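Numbering (the numbering used here), first residue to last: 1 to 153.
Here a beta-carbon is modelled for each residue, glycine too, at the ideal position from N, C-alpha and C.
These numbers come from a predicted model, not from an experiment.
The block underneath contains the structure these notes are about, expressed in structure tokens.
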Amino acid sequence: MKITEGARRRTAERRSETLQRLATERDVWVSTAHPDHGPHQVPLWFVWDGRAVWMCTGAASATVRNLRTEPRVRLSLPDTFDVVLLEGEAECFPDEEVPDEAAEAFTGKFGWDPRTEDGPFVYVRVTPRTVRAWRGEPELRGRVIMRDGTWVE
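Quick look at the structure:
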């Protein structure tokens with residue numbers, strides 16, 4: 001992909017390319033915070049189900065502890081020039097309570113099923129309320145492509 005200075009995508013193109021990246025990328029940076037312990041950021045594998053991001057991590061992780069105290073979360077794909085930021089509230093599902101479709105999609109994408117592990121895991125679902133996408137300075141204006149859970153036209 002060649003990006004030229006001054007090239008500015010329309011909102012529909014940003015949305016389409018963001019959805020494609022959510023469907024194909026492997027890693028997402030997860031930013032959480034705890035009122036007493038402060039911010040925490042970690043990369044996790046993720047699956048996009050068309051409406052929400054699903055991740056999985058150990059039940060005793062700082063990420064899960066933070067989300068149970070403060071469910072607001074920010075996610076970002078790992079490209080600093082082709083930025084995608086998602087904000088929403090997380091819902092935690094113990095591995096024995098996760099919807100089968102989500103667990104099977106996760107296993108299908110990564111070849112790993114946390115439900116078969118010895119230790120407890122938690123699946124985290126984040127349905128975005130806000131999505132921002134931009135490539136460089138020319139796209140800073142108009143970078144919000146989802147507002148209040150609705151894609152911007």
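Over what stretch of residues does the beta strand (DSSP E) that includes L67 continue unbroken? One-based indexing of the sequence shown puts residue 67 at position 67. Per DSSP, L67 belongs to no beta strand (DSSP E); it is in the alpha helix (DSSP H), 62 to 69.
For D82: DSSP bridge partner residues: Residue mapping note: residue 82 aligns to position 82 of the sequence shown, counting from 1. In the DSSP output, where bridge partners are listed per residue, D82 has R135.
Beta-carbon separation of P120 and D95 under 8 Å? Taking the first residue of the sequence shown as 1, we reach residue 120 at position 120. Taking the first residue of the sequence shown as 1, we reach residue 95 at position 95. Yes, these two residues count as a Cβ contact at 8 Å.
Which residues share a DSSP beta bridge with V98? Locating residue 98 in the sequence shown gives position 98, counting from the first residue. According to DSSP, V98 bridges with nothing at all.
Give, in chain order, every unbroken run of the alpha helix (DSSP H) that is at least 4 residues long and sits entirely within the segment 6 to 53. 11 to 24
Below 8 Å on the Cβ atoms is my contact criterion, and I expect L67 with A90 to pass it. Report the Cβ-Cβ distance as a whole number of Å. Along the sequence shown, one-based indexing puts residue 67 at 67. Along the sequence shown, one-based indexing puts residue 90 at 90. The pair is a contact, with the Cβ atoms about 5 Å apart (cut-off 8 Å).
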